[in-house]
Amino acid sequence: MPARVLDVLLGIYLFVCAACLVWPGFAWFAAREEPFVLGLPFAFAWSVGWVIATFLALCAYHVARSRVGGSRA
Amino acid sequence: MNTAIVLGIAGLYLGTCLLVGMLPGRKSSDSAAGYVAGDRALGLVVMYFITGATIFSAYAFLGAPGWAFSRGGAALYMLAYGTLGFVPFYFLGPRAARLGKRYGFVTQAEMVAHRFSRPGIAATMALISVLAFVPYLALQMQGAGIVLEAMTGGAVDEKLGALLVYGLVLVYVLKSGVLGVGWTNTFQGVFMLALAWGMGLYLPRVLYGGIGPMFERIAAERPGFLKPPGLTGGGTPWPWSEYTSSVLVSIAGFSVFPHLFMKAFSARDERTIRRTVVLYPSFQLFVVPILILGFAGVLLANAPERADGILPHLMMNADVPPVLVGLFCAGALAASMSSGDAIAHATASIVVRDGWVTALRRPLDAATERLAIRIVLVAVVAVSYGLAVLYTGSLVELLLYAYGPIVQFAPAVYATLFWRRATGRGVQAGLIAGIATNILFASNADLRPFDVHAGVYGLAANLTALVLVSLLTSHEDEEREREFLATSAEPGD
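Protein chains in written order, with the numbering used here: chain A, 28 to 100; chain B, 7 to 499.
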């Protein structure tokens, strides 16, 4: 995948992630207690889910981008 | 409570930290780059823990459960900003590292001041950093003292506890510089992670029969408490605008905290910096058990007076074996020390490098500079200790005023690394406008036109002044700036 596409994909991911961790995404989709996920209230589990998703997204970006080469910053 | 066991474990822990901190001192060179930036040779493991453990301070260890306990869903704010806060460093860090290698920078402010040939910028940033870091360090000392006093049943009082712990920190930071900080933080980071997860799973089981039953009971007895955006410190609903703006301001400022940013100059190579950022969210999961511990206190019949005291309170009231109390005590000391050592080291480096060498244009030879940093380090620790034991007001409040303005470094740092048209006068104007606006709205919340974080107003004023003044003024040394930006954008490894 070309470097430019990877950069844009990361940008889109980060934007969606930020929107889901604050208003409006968090307020619309996840500002509730139930259902409980692995014992955690839904809003808590939602936040933890985004931490894990971000970890995976950054790993994928880093590996893919290292293969393509070119300036990242 | 068996005080001897608690003291024994805490003592053993402190002794190990001293040993771990003293050993690397022999390895680094005798220069400022050796003492401040570890000869630019830090590998991935140390970088990971030095960034992770530095952020997780005594304030996080005691304050985060305090938020969960008193403000419910608002505490999720900590997970939100930590998830994304370090991501910009993936792009900022390698650029800064290239410049550091080429020009010999070890602090953030000297990098900004160098591009624009303006020592005044270094002076402004150094002053704000010191004003923020001294109360921060004092708070870490108080944290260490409070934990030791509570856990030993008063056998070690708060002042003596803080003195003991920070005397020790002083010894290994004096001896080993950033390498001492790095290796102790690695040891302390592993310890904190293990302890937080162990306690976070153990205590809810003892008190409620598990994490699931605990949250179900809280949801049943305090409906809505677990939902974001939660409550303010005073117990009234926290609006989404405050929640959202607090998260966004923290994300904007996170990567430019001077003590964190400086670590870009310490890394072995650019790949190490990028990998550290990629791995960082895994450290963030540390917040999960810490918040669970805070929630475990919500339904307790006898609540502590201060929300920050919920964790020690739980330990003392939940019939926990003395060995665990000792380990918890060591964990809290780890949190205090792993932030305190990095802050003390950064403050001394900033005073000498930015406040003296760069701002006053008085270069020192390598040996004198290293000696000066050590002398200032002793002074910084002494002043912070004085503040910790003598100041009777709320340090947290003092910190809020002092720490807020640091976020205002963000536009200056971003512009320095990425914006060709930025000028020195523009950056200086932005800094001053941002810091003044931030302080005005942080100390007079009623003046804010909308319920959003004071930092948002500061950043708006900062950006406006930076852009306008930059467009109206010209570069002072265009050739120098062109070379600076070309170096920062060179293809890296």
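Idealized CB from N, CA, C, for every residue including glycine.
What are the start and end residues of the alpha helix (DSSP H) that includes residue i?
i	result
TYR96/B	95–109
SER74/A	69–95
MET205/B	164–214
ASN308/B	Neither: ASN308/B is in no alpha helix (DSSP H) and is coded neither H nor E.
ASN323/B	316–323
ARG367/B	That residue, ARG367/B, is in no alpha helix (DSSP H); it is neither H nor E in DSSP.
MET28/A	Per DSSP, MET28/A belongs to no alpha helix (DSSP H) and is neither H nor E.
GLY44/B	Where GLY44/B is concerned, there is no enclosing alpha helix (DSSP H), given that its DSSP letter is neither H nor E.
VAL326/B	Note, VAL326/B: premise wrong, no alpha helix (DSSP H); not H, not E.
LEU48/B	Careful: LEU48/B lies outside any alpha helix (DSSP H) and carries neither H nor E.
THR9/B	9–28
LEU291/B	Note, LEU291/B: premise wrong, no alpha helix (DSSP H); not H, not E.
PHE260/B	246–260
ASN450/B	Here ASN450/B belongs to no alpha helix (DSSP H), and DSSP marks it neither H nor E.
THR89/B	82–91
TYR420/B	415–424
GLU222/B	217–227
PRO71/B	70–77
MET268/B	That residue, MET268/B, is in no alpha helix (DSSP H); it is neither H nor E in DSSP.
HIS120/B	114–122
VAL462/B	460–478
ALA138/B	125–157
Could you list which residues in chain A have their beta carbon closer than 7 angstroms to that of residue i, in chain order?
i	result
SER288/B	PHE82
PHE62/B	Those within 7 angstroms of PHE62/B in chain A number zero; the least Cβ separation is about 14 angstroms.
ARG280/B	HIS89
Residue i and residue j look like a contact to me (Cβ under 8 angstroms); what is the Cβ gap, rounded to whole Å?
i	j	result
MET268/B	THR398/B	Not really, about 33 angstroms apart at Cβ, beyond 8 angstroms.
VAL136/B	ILE356/B	7 angstroms
PHE221/B	GLY66/A	6 angstroms
ILE349/B	ALA38/B	At roughly 18 angstroms, the Cβ-Cβ gap does not stay under 8 angstroms, so ILE349/B and ALA38/B are not in contact.
THR250/B	TRP50/A	4 angstroms
PRO287/B	VAL78/A	5 angstroms
THR443/B	ALA467/B	4 angstroms
SER261/B	LEU98/B	6 angstroms
GLY236/B	ARG77/B	5 angstroms
Out of the options, which has the shortest C-alpha to C-alpha gap to residue i?
i	options	result
LEU24/B	LEU185/B, ILE356/B, GLY300/B, SER123/B	LEU185/B
TRP246/B	VAL35/A, ALA30/A, ALA58/A, VAL90/A	ALA58/A
ALA495/B	ALA103/B, ILE279/B, HIS351/B, SER37/B	ALA103/B
VAL433/B	ASN450/B, ALA448/B, THR470/B, ALA451/B	THR470/B
PHE4/B	PHE55/B, PHE490/B, THR422/B, ARG223/B	Limits of chain B in this structure are 7 at one end and 499 at the other, which puts residue 4/B out of reach.
PHE3/B	GLY14/B, LEU317/B, LEU85/B	Coverage of chain B is limited to positions 7 through 499, which leaves residue 3/B absent and any answer about it impossible.
ALA144/B	PRO417/B, LEU396/B, LEU477/B	LEU396/B
ALA313/B	ASP45/B, ALA226/B, GLY69/B	GLY69/B
MET157/B	ARG124/B, GLY17/B, LEU105/B, ALA435/B	GLY17/B
TYR83/B	CYS335/B, LEU297/B, THR479/B, VAL331/B	LEU297/B
ALA225/B	GLU60/A, PHE82/A, LEU85/A	GLU60/A
ASP259/B	HIS459/B, SER480/B, GLY361/B, GLY27/B	Correcting the residue type first, residue 259/B is Gly in the shown sequence and not Asp. Comparing Cα-Cα distances from GLY259/B to each of HIS459/B, SER480/B, GLY361/B, GLY27/B, the minimum goes to HIS459/B.
LEU83/A	LEU370/B, GLY78/B, LEU90/B, GLU276/B	LEU90/B
GLU155/B	ALA336/B, GLY436/B, VAL473/B, LYS107/B	ALA336/B
GLY216/B	VAL179/B, PHE301/B, ARG277/B	PHE301/B
TRP244/B	LEU105/B, VAL187/B, GLY79/B	GLY79/B
ALA80/A	SER256/B, ALA352/B, THR353/B, LEU291/B	LEU291/B
Which bits of chain A does residue i rub up against, with CB to CB less than 9 angstroms?
i	result
VAL458/B	Within 9 angstroms Cβ-Cβ: nothing; VAL458/B doesn't reach chain A, min ~11 angstroms.
VAL253/B	ALA45, LEU48, VAL49
ILE217/B	LEU65, GLY66, LEU67
Can you tell me whether residue i sits near the ligand NAD, meaning its C-beta is under 8 angstroms from at least one heavy atom of the ligand?
i	result
GLY58/B	Because no ligand of any kind appears in the structure shown, any question about the ligand NAD cannot be addressed here.
Identify the contact partners of residue i in chain B, using a Cβ-Cβ distance below 7 angstroms as the criterion.
i	result
VAL78/A	LEU85, THR89, PRO287, GLN290, LEU291
ALA30/A	Residues of chain B passing the Cβ test: none, with the nearest at roughly 12 angstroms.
LEU36/A	Neighbours of LEU36/A on chain B: none; closest Cβ ~14 angstroms, over 7 angstroms.
LEU33/A	The contacting residues do not exist; LEU33/A stays about 13 angstroms from chain B at best.
Under 9 angstroms between beta-carbons, which chain B residues line up against residue i? List them in chain order, please.
i	result
PHE53/A	LEU82, ALA86, PRO234, PRO235, TRP246, TYR249, THR250
PHE56/A	Within chain B, no residue comes near PHE56/A; the closest Cβ sits about 11 angstroms away, beyond 9 angstroms.
So which residues of chain B does residue i contact, with C-beta pairs closer than 8 angstroms?
i	result
ARG94/A	In chain order: nothing, as chain B lies at least about 13 angstroms away.
VAL20/A	Outside the displayed span of chain A (28 to 100) sits residue 20/A, for which this structure offers no information.
ALA91/A	Correct list: empty, because the minimum Cβ distance to chain B is about 12 angstroms.
PHE171/A	It is not possible to answer for residue 171/A, since the shown part of chain A is limited to 28 through 100.
Using a Cβ cut-off of 8 angstroms, pull out every chain A residue sitting near residue i, in sequence order please.
i	result
GLU222/B	PHE63
GLY183/B	Those within 8 angstroms of GLY183/B in chain A number zero; the least Cβ separation is about 28 angstroms.
Next item on the list: Would you be able to state if there are at least three C-beta pairs under 8 angstroms between the region 253–269 of chain B and the region 47–64 of chain B?
Entry: yes
Check: Can we say the region 383–394 of chain B touches the region 168–188 of chain B, given the rule of at least three CB pairs closer than 8 angstroms?
Finding: yes
Checklist line | Cβ contact check for the region 68–76 of chain A and the region 105–120 of chain B: 3 or more pairs under 8 angstroms | finding: no
Notebook entry, point to check: Quick one: any contact between the region 139–152 of chain B and the region 300–309 of chain B, if contact means 3 or more CB pairs under 8 angstroms?
Noted result: no
Check: Does the count of Cβ pairs from the region 146–155 of chain B and the region 338–349 of chain B closer than 8 angstroms reach three?
Finding: yes
Check: For the region 85–101 of chain B against the region 317–333 of chain B, are there 3 or more C-beta pairs whose distance is under 8 angstroms?
Finding: no
Notebook entry, point to check: Taking three-plus beta-carbon pairs below 8 angstroms as touching, is the region 466–486 of chain B in contact with the region 435–446 of chain B?
Noted result: yes
Item checked: the region 116–134 of chain B touching the region 357–376 of chain B, judged by at least three CB pairs closer than 8 angstroms -> yes
Margin query: Check whether the region 191–205 of chain B and the region 35–49 of chain A touch, using three or more Cβ-Cβ pairs below 8 angstroms as the test.
Written below: no
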